[in-house]
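**Student:** Numbering (our numbering), first residue to last: 97 to 984.
Each residue gets a CB set at the ideal place from its N, CA and C atoms; glycine is no exception.
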């Protein structure tokens, strides 16, 4: 079975994570119950609790405008007997709307000195009310309200006022807490919002919009208030919106909110049933799916929490952490249902937050039921058995049960709950090929609930570290409700992923982690990324000797990486330490991770062959290494090998470098980077005289390159290989096909020189000279001189060769073999041209520096023959004769 390797951490930190599957395999040890930190104590007594929680009750206060509930209307939004059918559809069919009419005591007076007047109960939006246009609690003057459109309506709510929104029957209802007076004079709508009505109650304001169909409404918070629309907010990824994930807390079920509002008690406008409404003053999202518990129902919401209580023992009260669902019966009945506020956790995965022994009993019963099931019920029984196995952490067994069941009933694979459970089991079993289904697509109403598991899949696959960390952080609290056998696998994994790659906002979810080495490790990564390097190093150092081999392995890897980063270890020494760590890494199932770290250390030391050899060993490990992790390192190493070898003049070095590139080219994905490596490979082959292989390399590289400059460079290499193969027409054609008017001047000159070579090979010296005219590049001067030498045009040849000598022969120091050859060539051409001045200049330039073999004697002979002859001494008594000056 392949195992997934999580991506290598940031190269600066040089670390990596354990896969979910690795943690799952290690999770069959005796389980321990994860305890949730207790919340702040609440006041005792019914009256004190109501006052401390800020509960407000609200109903209509006007008579005549209200109507009584229609006789025979359903008294409850759901029938317990039909609860299962309601889970996927949400609330039952629409009910006839009614208006509240039971007067209640008004809420305590607000401190606002100039409250705006509210609407009369039942007053339509847009009707005059005598109220000003100032927002409640704002003494800065009138607030400009943007004009409404057919898709958006502004609800001018102060940031200090709570809000909740949900669907009731055939209406979309928004409940605004009247903690401060609300100005509703500007509330009006058109299009789909033309049916908007506003009902002002003593403690709340109710906004209702008739729903013409099953369309979705969207809420977003802005500085002026809340925006209600039938389309997602512009420029906002609404699918990334927060949702409320309940957690088990002291006293009941907590629905966490960043800035909770008050809890209101209203009557459902559709059924008249009593509702507890937990409001939020900031955009915290809502509940994803309908939940039916004993004595209460939790409704799906767009914002806030709505609980329909059928039992007098059930209540909802505000706390600083959010709305708390409580019951006089402790613990709250059916908490295993209430804590799963989405269909994916409760129905698709079949999770139940029960003690381990009860989960084992559930699996045993499901096993017996599946064995005794008749053919008509066989798949349903096996599906329940797979869910029960998944709930106890037996992920391989769950996958096996589902696989066999689908072999007998393949048509069931189209059901989303079946394919999702299978994909989740594949992920936690380490089979990434089977887990790809977690990417979706899923039904639109379940897209948001699947994002946590999509984050787990992306984190395991690698290559999307930041996105995965964000998805995990957004629903991190959901994992607290998973049974211990599943939570103990996923929670440490998610915490470490967030600690390594999460944003500053994501990292805040790690503030309240359970105790344990795995969570200390996640906190250490968070400290490292938030500037607390010293604390992080101390934690890694302490964890490096932890009894958990995986935790100790990760901590020691990170300690070595930090020591290398701080200069306490050289990259080569770090690579040696990673090598010594390999036996422990194999024992912990992390050999591939340590190999990658060792390769990274070699890369930092520019030990490219060693790095390449180490990367080759990664492929031989049992772990499955993700392509986004390995490919960049392989590309970088091969590019460095190519860059260094191309500059080398040693044939053996070039041959070794070409062999390394050839062995790895097939592992590279096509693209610009591979094209550049193929270009370097082609140059090596040309240098080795392998023109046929070079032609193939350049031909493969050209279509992979995207910029005109790179295509032109590859085209030049391909043209050179054609020239070496005596295919001059092919060389000319490829130069034309890879030409571009935007090429820089130096590249244009290089291509002219190449075309001159082609013309020269064809025997057209005149055309070649025309292309080379005025080009001072060494190759151009060399070709120009050779053409003139072949024609016997010695003065012109001397002019070109002398320019080469001026650039290449230094005034001091020993002469290399090419420099000696160049000096002899200039001396020969100048002698043929009888250019005594050039010979004298060259003799002075070379001076008394020695040359190899016969070169020195020939050079002296040439420069002396062409130099001015010394004057002969006059005989005694003879008249001195005038000497004729040497011809220049």
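(1) Kindly indicate which three-state DSSP category residue 457 falls into: helix, strand or coil?
(2) Compare the Cα-Cα distances from residue 395 to each of 376, 684 and 262 and report the closest residue.
(3) Answer yes if the segment 532-550 comes into contact with the segment 449-467, meaning at least three C-beta pairs across the two stretches below 8 Å, and no otherwise.
(4) Inspect the beta-carbon positions of residue 877 and residue 896 and report whether they are closer than 7 Å.
(5) How do the segment 558-575 and the segment 454-473 stand: do at least 3 beta-carbon pairs fall below 8 Å, yes or no?
(6) Return the first residue and the last residue of the beta strand (DSSP E) that residue 937 is part of.
(7) Starting from residue 656, trace the alpha helix (DSSP H) in both directions and tell me its first and last residue.
(8) Which word fits residue 295, buried or exposed, when buried means at least 16 other C-beta atoms lie within 10 angstroms of its C-beta?
(9) Quick one: residues in its chain with C-beta nearer than 7 Å to the C-beta of residue 742, no 5 flanking neighbours on either side, listed in chain order?
(10) Drop a sphere of 10 angstroms on the beta-carbon of residue 866, count the other beta-carbons inside from all chains shown, and report buried for 16 or more, exposed for fewer.
(11) Which residues does DSSP pair with residue 296 in a beta bridge?
(12) So residue 536 packs on residue 483, CB below 8 Å; how close in whole Å?
(13) For residue 376, which beta-bridge partners are listed by DSSP?
(14) I'd like to check one pair, residue 481 with residue 466: are the Cβ atoms closer than 7 Å?
(15) Would you mind reading off the limits of the alpha helix (DSSP H) that contains residue 323?
(16) With a threshold of 16 other CB atoms inside 10 Å of the CB of residue 82, please say whether the residue is buried or exposed.
(17) Quick check on the DSSP output: the alpha helix (DSSP H) that includes residue 623 runs from which residue to which?
(18) Does the segment 630-650 come within contact of the segment 595-605, defined as at least 3 CB pairs closer than 8 Å?
(19) Output the distance between the C-alpha atoms of residue 766 and residue 844, rounded to the nearest integer angstrom.
(20) Tell me where the alpha helix (DSSP H) around residue 402 begins and ends.
(21) Curious, which full-length beta strand (DSSP E) runs of at least 3 residues does the segment 693-727 contain?
(22) Tell me the DSSP secondary structure of residue 343 in three-state form.
(23) Classify residue 803 as buried or exposed, calling it buried when 16 or more other Cβ atoms lie within 10 Å of its own Cβ.
(24) Quick one: grab the DSSP three-state call for residue 909.
(25) Opposite residue 395 in the DSSP bridges: which residues?
(26) To which residues does DSSP link residue 986 through a beta bridge?
(27) How would you write the range of the alpha helix (DSSP H) that residue 873 sits in, first residue to last?
(28) Measuring straight from C-alpha to C-alpha, what distance separates residue 494 and residue 590?
(29) Please state whether DSSP places residue 348 in a helix, a strand or coil.
(30) What number of angstroms, rounded off, separates the C-alpha of residue 49 from the C-alpha of residue 906?
(31) Quick check on residue 646: buried or exposed, where buried means 16 or more other Cβ atoms within 10 Å of its Cβ?
(32) Give the DSSP-derived three-state secondary structure of residue 554 in the structure shown.
(33) In terms of residue numbering, what span does the alpha helix (DSSP H) encompassing residue 483 cover?
(34) Nearest to residue 371 by alpha carbon, out of 260, 670, 637 and 624?
(35) Return the chain-ordered list of same chain residues with a C-beta closer than 6 Å to the C-beta of residue 288, the five sequence neighbours on each side being excluded.
(36) Would you mind reading off the limits of the alpha helix (DSSP H) that contains residue 273?
**Tutor:** Taking the coordinates as given:
(1) Position 361 of the chain shown, counted from the first residue, corresponds to residue 457. In this structure, DSSP gives residue 457 a helical state, which the three-state scheme calls helix.
(2) Your numbering for residue 395 matches position 299 in the chain shown. Minimum Cα-Cα distance from residue 395 among the listed residues 376, 684 and 262 corresponds to 262.
(3) Inter-segment contact for the segment 449-467 and the segment 532-550 is absent: fewer than three beta-carbon pairs are separated by less than 8 Å.
(4) By 1-based counting over the chain shown, the position of residue 877 is 781. By 1-based counting over the chain shown, the position of residue 896 is 800. Closer than 7 Å, so yes.
(5) The segment 558-575, when compared against the segment 454-473, does not touch it at the 8 Å Cβ threshold.
(6) Taking the chain shown and counting its residues from 1, the one referred to as residue 937 is at position 841. Bounds of any beta strand (DSSP E) do not take in residue 937; it lies within the alpha helix (DSSP H) bounded by 932-942.
(7) Position 560 of the chain shown, counted from the start, is the residue given in the question as residue 656. Residues 645-661.
(8) Position 199 of the chain shown, counted from the first residue, corresponds to residue 295. With 16 or more other Cβ atoms within 10 Å, it is buried.
(9) Here residue 742 refers to the residue found at position 646 of the chain shown. Counting only residues of its own chain and dropping the five nearest sequence neighbours on each side, residue 742 has a CB closer than 7 Å to the CB of 776, 779 and 780.
(10) Here residue 866 refers to the residue found at position 770 of the chain shown. By the neighbour-count criterion, in which a residue is buried when 16 or more other Cβ atoms sit within 10 angstroms of its Cβ, residue 866 is exposed.
(11) Counting from one through the chain shown, the residue named residue 296 turns up at place 200. According to DSSP, residue 296 shares a beta bridge with 301.
(12) Here residue 536 corresponds to residue number 440 of the chain shown, with the count starting at 1. Here residue 483 corresponds to residue number 387 of the chain shown, with the count starting at 1. Going by Cβ atoms, the distance from residue 536 to residue 483 rounds to 21 Å, so no, they are not a contact pair.
(13) In the chain shown, residue 376 corresponds to position 280, counting from 1. Per DSSP, the beta-bridge partners of residue 376 are 259 and 356.
(14) The residue given as residue 466 occupies position 370 in the chain shown. The residue given as residue 481 occupies position 385 in the chain shown. Contact flag set, yes.
(15) Mapped onto the chain shown, residue 323 falls at position 227. Looking at the DSSP string, residue 323 is not in any alpha helix (DSSP H); the run it does join, the beta strand (DSSP E), is 321-325.
(16) Limits of the chain in this structure are 97 at one end and 984 at the other, which puts residue 82 out of reach.
(17) Reading the chain shown from its first residue, position 527 is the one you call residue 623. Counting along the chain, the alpha helix (DSSP H) containing residue 623 begins and ends at 613-625.
(18) Two segments are said to touch when three or more pairs of C-beta atoms, one from each, lie closer than 8 Å; by this definition the segment 630-650 does not touch the segment 595-605.
(19) As a first step, residue 766 must be located in the chain shown, where it is residue number 670. As a first step, residue 844 must be located in the chain shown, where it is residue number 748. For residue 766 and residue 844, the distance between alpha carbons rounds to 28 Å.
(20) In the chain shown, residue 402 corresponds to position 306, counting from 1. Taken as a continuous stretch (DSSP letters only), residue 402 belongs to no alpha helix (DSSP H), being part of the beta strand (DSSP E) at 401-405.
(21) When DSSP assignments are scanned along the segment 693-727, the uninterrupted stretches of beta strand (DSSP E) that are 3 or more residues long and fall wholly within it turn out to be 719-721.
(22) Translated into positions along the chain shown, residue 343 becomes position 247. Under the three-state reduction of DSSP, residue 343 is assigned to strand.
(23) As a first step, residue 803 must be located in the chain shown, where it is residue number 707. Label assigned to residue 803: exposed.
(24) Your numbering for residue 909 matches position 813 in the chain shown. It is coil, neither helix nor strand.
(25) Residue numbering aside, residue 395 sits at position 299 when the chain shown is read from its first letter. Beta-bridge pairing links residue 395 to 402.
(26) Here the chain comprises residues numbered 97 to 984, so residue 986 is not present and cannot be evaluated.
(27) Here the question's residue 873 lines up with position 777 in the chain shown. Looking at the DSSP string, residue 873 is not in any alpha helix (DSSP H), and its letter there is neither H nor E.
(28) As a first step, residue 494 must be located in the chain shown, where it is residue number 398. As a first step, residue 590 must be located in the chain shown, where it is residue number 494. Roughly 22 Å separates the two Cα atoms.
(29) Taking the chain shown and counting its residues from 1, one reaches residue 348 at position 252. In the three-state reduction of the DSSP assignment, residue 348 falls in the strand class, which pools E and B.
(30) This structure leaves residue 49 out entirely; the chain is present only between 97 and 984.
(31) Sequence index remark: in the chain shown, residue 646 carries index 550 (1-based). With 16 or more other Cβ atoms from the protein chains shown falling within 10 Å of its own Cβ, residue 646 counts as buried.
(32) Reading the chain shown from its first residue, position 458 is the one you call residue 554. The answer is helix: DSSP assigns residue 554 an H, G or I state.
(33) For this step, residue 483 is matched to residue 387 along the chain shown. Its alpha helix (DSSP H) spans residues 474-487.
(34) Counted from its first residue, the chain shown places residue 371 at position 275. Ranked by Cα distance from residue 371, the options 260, 670, 637 and 624 are led by 260.
(35) For the purposes of this step, residue 288 is taken as the residue at position 192 of the chain shown. The beta carbon of residue 288 sits closer than 6 Å to the beta carbons of 326 from its chain, once the five residues preceding and following it are set aside; these are given in chain order.
(36) Position 177 of the chain shown, counted from the first residue, corresponds to residue 273. Note, residue 273: premise wrong, no alpha helix (DSSP H); beta strand (DSSP E) at 267-273.
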